[in-house]
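Residues are numbered in my numbering as their position in the sequence shown, beginning at 1, plus a constant of 69.
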Amino acid sequence: MQLFQGDCLSVLPTLPEKSVDLIVTDPPYFRVKSNDWDNQWENESEFLTWCELVLFEMTRVLKPNGSLYWFAGPYMAAKRRT
Ligand SMILES: C[S@@+](CC[C@H](N)C(=O)[O-])C[C@H]1O[C@@H](n2cnc3c(N)ncnc32)[C@H](O)[C@@H]1O
70 MQLFQGDCLS VLPTLPEKSV DLIVTDPPYF RVKSNDWDNQ WENESEFLTW CELVLFEMTR
130 VLKPNGSLYW FAGPYMAAKR RT
């Protein structure tokens with residue numbers, strides 16, 4: 070097992086494609102918590118764009134039969150970028 074620490078958008082691109090069995094992630098929810106990490110985007114659209122970038126990399130590294138569990142706040146969970 071390997072352990073990485075860093076920005077997911079820096080670390081994920083270093084992993085080979087179709088190499089990961091399982092992703093369980095609890096990313097920022099967008100303006101649910103007062104912490105800086107949950108308030109780093111100007112608006113919903115920016116946050117959803119970031120989610121798309123992360124998901125692009127996650128789906129790239131997942132094996133075809135891999136699984137992804139993404140925790141989300143109830144308000145943003147069903148949102149899509151407009
Ligand atoms: C909802 S919290 C996770 C809390 C964790 N499940 C726990 O119980 O401590 C979201 C986490 O994502 C981290 N984070 C925010 N942006 C990130 C990024 N670009 N790459 C990696 N982690 C990030 C934050 O530092 C924060 O710790």
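For every residue, glycine included, the Cβ atom is placed at its ideal position computed from N, Cα and C. Treat the numbers as computed from the prediction; the structure is a model and nothing was measured.
May I ask you to report which of helix, strand or coil DSSP gives residue 103? Position 34 of the sequence shown, counted from the first residue, corresponds to residue 103. Three-state DSSP puts residue 103 in coil, outside helix and strand.
When 108, 88, 144 and 73 are compared against residue 136, the one with the closest alpha-carbon: The count along the sequence shown starts at 1 and reaches residue 136 at position 67. Minimum Cα distance to residue 136 is reached at 88.
Can you check DSSP and say which residues form a bridge with residue 130? Translated into positions along the sequence shown, residue 130 becomes position 61. Note: residue 130 sits in no beta bridge, so no partner.
What three-state label does DSSP hand residue 136 in the structure shown? Translated into positions along the sequence shown, residue 136 becomes position 67. Strand.
Where does residue 91 fall in DSSP's three states? As a position in the sequence shown, residue 91 is number 22, starting the count at 1. Three-state DSSP puts residue 91 in a strand.
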